[in-house]
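Here our numbering is used: the first residue of the sequence shown is -3, the next is one more, and so on.
Using N, Cα and C, we set each Cβ at its ideal position, and we do this for glycine too.
Just below is one structure, and these are the notes that go with it.
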Amino acid sequence: MTTRVQYLKSQLEIGLDGVRMVGIWGVGGGGKTTLASSLYMGISSYFEGHHIIENVREETSKDDLKKLQENILSAFSKTDVKVNSIVQGKHMIKSMLCRRKVLLVLDDVNDLSQLEALAGSHSWFGSGSRVLITTRDAHLLRTHKVDEVCHVRLLSDDEAIQLFNKHAYNKKEPVENYETLSLRVVSYAAGLPLALKVLGSFLFDKDKKAWMSTLDRLKDIPETEIVDKLKISYDGLKVVEKELFLDIACFFRRCKKDEAMEILEACDFHPEIGIEVLRQKALVSIVDGRLDMHDLVQEMGHYIVRGKHPNNPNKHSRIWKSEDINNMCLGDAIVENDKIEAIVYQNWHAHNYDLERSLQVCKKVSNLKKLRYLKVMMELPGHVEGPTFLSNELRYIDCRGYPLRSPFPASFQPMKLVVLKLDDNFQKEVWKGCKHLPHLKVLELKYMKRLFRTPDFDGLPCLQKLTLSECPKLEEIHRSLGSHKSLQYVSVYRCSKLRMFPTIVHMENLKTLEICNCHKIVVFPKIVKTRRQFLRSLPKLDLYTCHFKYAEIPSSITELSNLQVLSLGFNDFSRLDFSLSQLTQLKLLNLSHCVKLLELPELPSSLTILNAENCKSITTFGDCYQNCRWLCQVSVTKGSIISDGDKLLESMLENCFYRRISVRISMSEETNDMDSQSDVFWEESDGNSVFICTWMVYVSFGSLRQSVWWDQTYKALSFDTEERCKGFGVRLVEKKRRSGIKETPTIYSSGYTPTLDIKHDSTSALRMDFYVPDTLEDVR
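What follows is the structure, encoded as structure tokens:
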């Protein structure tokens, strides 16, 4: 507590002139009020006058803001002051305090109007004054333009144990034989001070049986006082924000944000702005790109969903727990249900796979009239009939192994459907004829064992993403796909019988086209010369493992003027009958595993990464890279010996000195002075010569200054390799000398000793950490 109070005190900058407002925000029960009160008690003597208003939110709900204005005026004037209106109160506060050095604390503010009425601006207060505000809403603080916004972090494990012990035992150390139980409570509270206080006080003087019973009960029934405190933030949300929060709490915690957004957008929850609101109210966080929340906040969400019928899932809006699925199936499968909106059921490759339960779920889904979100993973035999009815309210369908009828029931007219994902199903076709789905944006068909043709795409005007993966009997993609103007992403993978792909010239918004492992496709998707302008926005083209031969890669690829990524790996051509120099935006070229490729094509000046691994027929780079000015990463290992790799490296290094970029190159080279009988198992040998893989990285200091991963307080570089390493060298190279790498670390700068820390993390991995000086300007 002392450290936190000292930090907040430093943010107030007491003693300096001017007026300063500081806001504290965080989750309910997170200790904001305690911190503010402790700080108030410690610094109030520095001011001519001081006052704290606790529970502004609650007080405002009981009385209007005039009462709180009168409270402030009376406290600072030491008399009973009345105001006739909020406007008058504002003028009176400003008039009274504008020349006085005061301290004002406003606790638990939840609306901007409260701040505008009680501490409208810096000009209301005299020089040296400080205003401290606590709230659950960070956006409110920023809107009011406070000087500093401080987020209250939850307690560490040590802090949590100390606080719990104080309330449970009235001392710092736990009672003997209660240590394990104490740790269980601390783990449950997950650093939330309110939970530690409530549970500690409740368990005070209780025996072990009471402790264990309490912990078991908390799994299903959370402590009401904790839930009520947390629920205050939820109650302040708009209806759509509440629905968004409950979906995240029930289904999407720890899910990748981008994947969850697709579903939440389909449900019309407007997640882009909604998630930001939830973040600002400390209900949701984003950690490593995934949605997250505090354990007890999630538990509060579950508590709200269960509502007044915790043991009757048929009256819940959302179902995700297996025990609730079981209880749901105990009811009459014929009775219609208009309560359940979303269901997630997973019974896939499980030890206790329950076929009967899966069949019951199928029947139950047929009676969910308000269902908007359906995600099921099960493993049913192909002869099982799917549901006879599907809700037309469905926005999102993700079914794996679920026996949907082939085609869908005639009554199924999902005009609101946005995402349809079918995986490992037995349908021969998704639907017959042209089905009008005006809002469908995503269609994924994976592992469809019997699917022999795609649906007509004319009825899908908003389709943006199409994935066809591992459909072994798919022979035809409906020609209507070629006229689709809204498509942004098309991926066709491992459809072994597919021979033709529709023309792509009308796909004017296409960003990614992937056609991989489709061995029977004999012609590249047609690009009509008069329509090329519609494809100039295509940045990524992947034709991986299609076994295209010499004449099957058309020169019209060079018309894709915005192409940035081109992947032609695992194909059978021996050369490209055209130059790539016209692709002036190309950044990455992948030609890996083209074992028949004899020579590299002329490369564009924009290229930065070239991958030609396992191109066994290439023996020289030739002049292909002469125009490259940004080339910084080349890989040609696992192939033949490159005779002129040193020239390429020299060219890359020359460019990087002037452009402040970094260089990485790996290739095979021949050596004659190595003992071939030694333990050199990472080498390749043709019986006469011994080859080793050479890997080099050059990192310029200029590139480090521009890189987000260069920490100004901890300057270190790490290099990792998963291969066995025979030898290595690291050094700083002076710009004037531009000399080569030696086998031992060295440095030219006098008075400086670099630190090279080599870590053998495993038998096949090597990590090198190289620490450099704080004064980068001294190293050239």
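Counted within 10 angstroms of its Cβ, other Cβ atoms place residue i as buried (16 or more) or exposed
{"i": "Tyr3", "result": "exposed"}
{"i": "Arg776", "result": "Because Arg776 sits at a pLDDT of 29, beneath the cut-off of 50, its placement in the model cannot be relied upon, and the point is left open."}
{"i": "Cys263", "result": "buried"}
{"i": "Glu332", "result": "exposed"}
{"i": "Ser125", "result": "buried"}
{"i": "Gln84", "result": "exposed"}
{"i": "Ile269", "result": "exposed"}
{"i": "Gly87", "result": "Looking at the sequence provided, one finds His at residue 87 rather than Gly. Exposed is the call here."}
{"i": "Ile393", "result": "buried"}
{"i": "Asn307", "result": "exposed"}
{"i": "Ser662", "result": "buried"}
{"i": "Ala206", "result": "exposed"}
{"i": "Lys412", "result": "buried"}
{"i": "Gly19", "result": "buried"}
{"i": "Ala406", "result": "exposed"}
For residue j and residue i, the rounded distance between their alpha carbons
{"i": "Val676", "j": "Lys634", "result": "Only weak support exists for where Val676 lies, its pLDDT of 36 falling under 50; the coordinates are left without a value."}
{"i": "Lys335", "j": "Lys366", "result": "7 Å"}
{"i": "His290", "j": "Asp420", "result": "35 Å"}
{"i": "Leu585", "j": "Met444", "result": "32 Å"}
{"i": "Pro170", "j": "His46", "result": "39 Å"}
{"i": "Ile549", "j": "Ile339", "result": "47 Å"}
{"i": "Ile300", "j": "Gln560", "result": "48 Å"}
{"i": "Glu175", "j": "Pro189", "result": "19 Å"}
{"i": "Asp133", "j": "Tyr230", "result": "12 Å"}
{"i": "Asp154", "j": "Val105", "result": "30 Å"}
{"i": "Ser70", "j": "Glu9", "result": "27 Å"}
{"i": "Leu64", "j": "Ile48", "result": "11 Å"}
{"i": "Ser152", "j": "Gly187", "result": "6 Å"}
{"i": "Leu441", "j": "Ser465", "result": "6 Å"}
{"i": "Arg96", "j": "Gly122", "result": "5 Å"}
{"i": "Lys74", "j": "Leu150", "result": "38 Å"}
{"i": "Asn567", "j": "Pro535", "result": "21 Å"}
{"i": "Asp201", "j": "Lys193", "result": "14 Å"}
{"i": "Leu226", "j": "Thr130", "result": "15 Å"}
{"i": "Leu111", "j": "His140", "result": "8 Å"}
Reduced DSSP secondary structure (H/G/I, E/B, other) of residue i
{"i": "Ile393", "result": "strand"}
{"i": "Gly45", "result": "strand"}
{"i": "Arg57", "result": "Here residue 57 turns out to be Ser, not Arg, going by the sequence shown. If DSSP states are grouped into helix, strand and coil, Ser57 belongs with the helices."}
{"i": "Lys461", "result": "strand"}
{"i": "Glu219", "result": "coil"}
{"i": "Asn333", "result": "strand"}
{"i": "Lys28", "result": "helix"}
{"i": "Lys366", "result": "coil"}
{"i": "Ser81", "result": "coil"}
{"i": "Tyr485", "result": "strand"}
Boundaries (first-last residue) of the alpha helix (DSSP H) holding residue i
{"i": "Cys325", "result": "Ser318 to Leu326"}
{"i": "Glu175", "result": "Glu175 to Ala185"}
{"i": "Asn67", "result": "Leu61 to Ser73"}
{"i": "Trp207", "result": "Lys204 to Leu214"}
{"i": "Tyr3", "result": "Thr(-2) to Leu8"}
{"i": "Glu440", "result": "Premise fails: Glu440 lies in the beta strand (DSSP E), Val438 to Lys442, not in any alpha helix (DSSP H)."}
{"i": "Asn161", "result": "Asp153 to Ala164"}
{"i": "Lys193", "result": "Pro189 to Leu199"}
{"i": "Lys536", "result": "No alpha helix (DSSP H) contains Lys536, which is instead part of the beta strand (DSSP E) from Lys536 to Asp538."}
Beta strand (DSSP E) segment containing residue i, residue limits
{"i": "Val146", "result": "Correcting the residue type first, residue 146 is Cys in the shown sequence and not Val. Per DSSP, Cys146 belongs to the beta strand (DSSP E) from Glu144 to His147."}
{"i": "Met373", "result": "Tyr369 to Met374"}
{"i": "Gly782", "result": "Because the chain in this structure spans residues -3 to 776, residue 782 falls outside the shown range and cannot be described."}
{"i": "Leu416", "result": "Val415 to Asp419"}
{"i": "Asn623", "result": "Premise fails: Asn623 is in no beta strand (DSSP E) and is neither H nor E."}
{"i": "Val98", "result": "Val98 to Val105"}
{"i": "Leu128", "result": "Arg126 to Thr131"}
{"i": "Gln423", "result": "Careful: Gln423 lies outside any beta strand (DSSP E) and carries neither H nor E."}
{"i": "Val273", "result": "Unbroken run through Val273 is the alpha helix (DSSP H), Pro267 to Gln276; no beta strand (DSSP E)."}
{"i": "Ile339", "result": "Ala338 to Asn343"}
{"i": "Ser631", "result": "Gln629 to Val632"}
{"i": "Met281", "result": "Inspection of the sequence shows that residue 281 is occupied by Ser rather than by Met. Run containing Ser281: Ser281 to Val283, per the beta strand (DSSP E) assignment."}
heavy atom of the ligand MN below 7 Å from residue i C-beta
{"i": "Ser465", "result": "By its list of ligands, the structure shown contains no ligand whatsoever, and the ligand MN lies outside what it can speak to."}
To test your reading of the DSSP string, which unbroken beta strand (DSSP E) runs of 3 or more residues are found completely within the region 489 to 524? 508 to 512
Which complete alpha helix (DSSP H) runs does the region 223 to 255 hold, if anything under 4 residues is left out? For the region 223 to 255, whole alpha helix (DSSP H) runs of length 4 or above, ordered along the chain, are 235 to 243.
Just to confirm the assignment: which complete beta strand (DSSP E) runs, minimum length 3, are found wholly within the region 562 to 607? Qualifying beta strand (DSSP E) stretches, in chain order: 584 to 586 and 605 to 607.
Can you check the region 285 to 314 for any beta strand (DSSP E) of at least 3 residues that lies completely inside it and give the ranges in chain order? 286 to 288
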